[in-house]
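Enquirer:
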Amino acid sequence: FYSFLETGYARRCLFAWGEHSTKAFHTKTPAEVYLEQTQPKNATSVNKWADHFFTLADPAKYGWRMEVPDDVGIELVSYRFDCERQAETMADHEEIRKAEISHRYYKALKLAGALAYIDEVSTVSMTHLKQAILIVEESGKAFTRLLTREKAYMKLAKYIATVGSPVTHTDLQEALPFYKSGLGYRNEMITMATAWGYKQHILIKKSFVDGIEFFRGETLEATDLKAMTVSYSNHWAYHYGADTGAWDELHHLLTAEDPENPNQPLHWANHHFANNHRSRENLIPGFNLLVIDVDSGTSLQMAHELMAEYKFMTCTTKRHQTEGYGDRFRLVIPINYRLQLEPDDYKEFMQNILNWLPFAAPVDEASLQPEKKWETNPSGIVHYNDGDLLDVLPFIPRTRKNEEFQAKNAELQSLDNLERWFAQRIAQGNRNNQMIKFALALVDAGQSLIEVQKNVVSFNKKLSNSMSEDELNSTIFVTVAKRYQAK
462 FYSFLETGYA RRCLFAWGEH STKAFHTKTP AEVYLEQTQP KNATSVNKWA
512 DHFFTLADPA KYGWRMEVPD DVGIELVSYR FDCERQAETM ADHEEIRKAE
562 ISHRYYKALK LAGALAYIDE VSTVSMTHLK QAILIVEESG KAFTRLLTRE
612 KAYMKLAKYI ATVGSPVTHT DLQEALPFYK SGLGYRNEMI TMATAWGYKQ
662 HILIKKSFVD GIEFFRGETL EATDLKAMTV SYSNHWAYHY GADTGAWDEL
712 HHLLTAEDPE NPNQPLHWAN HHFANNHRSR ENLIPGFNLL VIDVDSGTSL
762 QMAHELMAEY KFMTCTTKRH QTEGYGDRFR LVIPINYRLQ LEPDDYKEFM
812 QNILNWLPFA APVDEASLQP EKKWETNPSG IVHYNDGDLL DVLPFIPRTR
862 KNEEFQAKNA ELQSLDNLER WFAQRIAQGN RNNQMIKFAL ALVDAGQSLI
912 EVQKNVVSFN KKLSNSMSED ELNSTIFVTV AKRYQAK
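Numbering (our numbering) for the sequence shown: 462 to 948.
As structure tokens, this is what we get:
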């Protein structure tokens, strides 16, 4: 089809695009349609035009000549200039569209002549030209839609997302005529569908069962910050009322007390549960909050600085800075999509999140359970940070983004979480700035000056684009020393 357009069909033809929304059933009743179709005047009109076009086919009219008055000719040239100006603004690769636009004036001239011939006049009037230009412009709009119509890989992504069950290559080939059997073609189609779906909030997962490749898709729902999913109760297992709340009001829940038992905490979760009974069996998939308990080794200030680019909230727990413990707090992160993951997928998803977080000390691994609940802390200290919503696509199991995430982690396997966090950012640029942030994070973690210097030097040696010893001494360690003086 495209080769036909390149050969000359684009500049010679008129195009139209049918709209499903204009079908009669959208606006009319069956009775109205029937009456319109059976009107006697319909046959009269058809016969009138049939007779007229029959007379136009009279051999005596062969060689019919028409004049184009000067004002009409000038208007045609003006239209031609407009078309050519539009064509000049287009990129070189848009050859088909450029050819169609630059030749519209000629299609308008021929169509104006046809309209004048139908009127059986010997002069092409301004009305004929204006009518022709209007039709040619409508044709141009239809042609643009024709070239930007839904591609095969878009249809593939939508099909996988809406079919409702896992599908194999064979299932796709049987259901979709454009899905060919070649391995290279299939892989390319799936890759393109996955990439396009990513921009359209469509998630495509793949898995293997007995060596057979399965694909499953879903359309992701963007998180509404006014509707964060929570449930809570004054009992550890029962009476969990399903609720949603605004993100900037969530601190009221995290610091709430049991209204029936003052100074006693409530229990809350980031999922809803059937029959309001908190258990794995009653779990209703669907969450848009991450909740992580940070128990030791990471100060609040350090967490706030490391996570500064993201939207999050921290709330201290009841054991914060007690019994010899340091900072203990709950990290709550809203995510960019509302995900529906089964328990096994949720566990793997949360493990990916824990592997990604920059905290040197391990966090509470009970966070891996989707039915996990937390206690509120009426005396908790809350901190909000405004930043970007966390993009969770790299952490969802069995997706292309997650495969890329796992591959990057494998390359940095010798590094701990904090080193990996900064190594990934150093790879993207700003090496000196990120190294300073890494060193200051160690200071905030409570390390001594000697420990900071030792760990910075060790981390620097692991980098492919490491800094020289002089650079470390003249920049990084000078800044570290100033931080200690400030403390």
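We put the beta carbon where it would ideally sit given N, CA and C, even for glycine.
(1) What's the gap between the Cα of N743 and the Cα of V670?
(2) Quick check on the DSSP output: what are the complete alpha helix (DSSP H) runs of length 4 or more inside the segment 871-923, in order along the chain?
(3) Quick one: complete beta strand (DSSP E) runs, 3+ long, within the segment 756-834?
(4) Is it true that the segment 875-891 meets the segment 828-846, where meeting means three or more beta-carbon pairs spaced less than 8 Å apart?
(5) What are the partner residues of T584, as DSSP defines its beta bridges?
(6) CB L751 to CB W729, shorter than 9 Å?
(7) Would you kindly check if the distance between the Cβ of R791 and the Cβ of V755 is under 9 Å?
(8) Can you list the alpha helix (DSSP H) stretches of 4 or more residues lying completely in the segment 505-581, in chain order?
(9) What is the rounded straight-line gap between the Cα of P795 and the Cα of T605?
(10) For the segment 611-623 against the segment 640-656, are there 3 or more C-beta pairs whose distance is under 8 Å?
(11) Along the chain, where does the alpha helix (DSSP H) containing E635 start, and where does it finish?
(12) Could you tell me which of R944, W882, A868, P720 sits nearest to L924, measuring between CA atoms?
(13) Going by Cα to Cα distance, which pick from G658, E561, H738 is closest to E611?
(14) Count the other CB atoms, across all protein chains shown, that sit within 10 Å of the CB of N813; report buried if there are 16 or more and exposed otherwise.
(15) Skipping 5 residues on each side, what residues in its chain have a beta carbon closer than 8 Å to that of E710?
(16) How should Y540 be labelled, buried or exposed, when 16 other C-beta atoms within 10 angstroms of its C-beta is the threshold for buried?
(17) Could you check what DSSP says for W708 in three-state terms: helix, strand or coil?
(18) When the Cα atoms are used, what is the spatial distance from H513 to F465?
(19) Could you spell out the range, first to last residue, of the alpha helix (DSSP H) harbouring E649?
(20) Determine the extent of the beta strand (DSSP E) in which D610 is found, giving its start and end residues.
(21) Report the start-end ranges of each beta strand (DSSP E) in the segment 725-761 that is 3 residues or longer and not cut off at the edges.
(22) Under DSSP, the alpha helix (DSSP H) around V941 begins and ends at which residues?
(23) Please state whether DSSP places G678 in a helix, a strand or coil.
(24) According to DSSP, simplified to helix, strand and coil, what is G702?
(25) Out of T609, S626, A569, V582, point me to the one whose CA is closest to E599's CA.
(26) DSSP state of F476, grouped into three classes?
(27) Quick one: what's got a C-beta closer than 7 Å to E545's C-beta in the same chain, skipping five residues either side?
(28) Excluding the 5 residues flanking R944 on each side, which residues of the same chain have their C-beta closer than 8 Å to its C-beta?
(29) Once the 5 residues before and after P746 are set aside, which same chain residues still bring their CB inside 7 Å of it?
(30) For M689, write down the residues that DSSP places opposite it in a beta bridge.
(31) Helix, strand or coil for S694 per DSSP?
(32) Would you call the segment 570-583 and the segment 619-636 touching, i.e. three or more CB-CB distances under 8 Å?
(33) Considering Y495, what are the terminal residues of the alpha helix (DSSP H) in which it resides?
Expert: Taking the definition as stated:
(1) Stepping through the sequence shown from its first residue, residue 743 is reached at position 282. Stepping through the sequence shown from its first residue, residue 670 is reached at position 209. When rounded, the distance between both Cα atoms is 27 Å.
(2) 878-888, 892-905, 910-922
(3) As summarised for the segment 756-834, the continuous beta strand (DSSP E) elements at least 3 residues long and confined to that stretch are 773-777, 790-800, given in chain order.
(4) no
(5) As a working mapping, residue 584 is identified with position 123 in the sequence shown. BP columns for T584 point to E528.
(6) Within the sequence shown, the letter at position 290 stands for residue 751. Within the sequence shown, the letter at position 268 stands for residue 729. No; because the gap between Cβ atoms is not below 9 Å, this pair is not in contact.
(7) Start at 1 with the first residue of the sequence shown, and residue 755 comes out as number 294. Start at 1 with the first residue of the sequence shown, and residue 791 comes out as number 330. In this structure, R791 lies closer than 9 Å to V755 by Cβ.
(8) 531-549, 556-563, 565-579
(9) Translated into the one-based positions of the sequence shown, residue 795 becomes position 334. Translated into the one-based positions of the sequence shown, residue 605 becomes position 144. Approximately 40 Å between the Cα atoms of the pair.
(10) yes
(11) Locating residue 635 in the sequence shown gives position 174, counting from the first residue. 630-636 is the span of the alpha helix (DSSP H), which, as asked, contains E635.
(12) Reading the sequence shown from its first residue, position 463 is the one you call residue 924. Considering only alpha carbons, the answer is W882.
(13) By 1-based counting over the sequence shown, the position of residue 611 is 150. Checking every option, the nearest Cα to that of E611 belongs to G658.
(14) In the sequence shown, the residue the question calls residue 813 occupies position 352. Buried is the call here.
(15) Here residue 710 is taken as the residue at index 249 of the sequence shown, counted from 1. Around E710: no qualifying Cβ.
(16) The count along the sequence shown starts at 1 and reaches residue 540 at position 79. With 16 or more other Cβ atoms within 10 Å, it is buried.
(17) As a first step, residue 708 must be located in the sequence shown, where it is residue number 247. Helix.
(18) Your numbering for residue 513 matches position 52 in the sequence shown. Your numbering for residue 465 matches position 4 in the sequence shown. Roughly 33 Å separates the two Cα atoms.
(19) Sequence index remark: in the sequence shown, residue 649 carries index 188 (1-based). Note, E649: alpha helix (DSSP H), 644-660.
(20) As a working mapping, residue 610 is identified with position 149 in the sequence shown. Here the sequence assigns Arg to residue 610, which means Asp is not the residue at that position. It is not in any beta strand (DSSP E) - R610 carries neither H nor E in the DSSP assignment.
(21) As for any beta strand (DSSP E) of minimum length 3 sitting wholly inside the segment 725-761, the runs are 728-730, 748-755, ordered along the chain.
(22) Your numbering for residue 941 matches position 480 in the sequence shown. That run of the alpha helix (DSSP H) goes 938-947.
(23) Your numbering for residue 678 matches position 217 in the sequence shown. Three-state DSSP puts G678 in a strand.
(24) Counting from 1 along the sequence shown, the entry for residue 702 is found at position 241. Looking at G702 - three-state DSSP - the assignment turns out to be strand.
(25) The sequence position of residue 599 within the sequence shown is 138, counting from 1. That would be A569, whose Cα lies nearest to the Cα of E599.
(26) Residue numbering aside, residue 476 sits at position 15 when the sequence shown is read from its first letter. Of the three classes helix, strand and coil, the one that applies to F476 here is coil, per DSSP.
(27) Here residue 545 is taken as the residue at index 84 of the sequence shown, counted from 1. Cβ neighbours of E545 beyond the five flanking positions: S563.
(28) The residue given as residue 944 occupies position 483 in the sequence shown. Contacts found: L901, V904.
(29) As a working note, residue 746 is residue 285 in the sequence shown. Hits under 7 Å: Q801, L802, E803.
(30) Start at 1 with the first residue of the sequence shown, and residue 689 comes out as number 228. Paired residues: G706.
(31) Counting from 1 along the sequence shown, the entry for residue 694 is found at position 233. Strand at S694.
(32) no
(33) Against the sequence shown, residue 495 aligns to sequence position 34. From DSSP, the alpha helix (DSSP H) with Y495 extends over 491-498.
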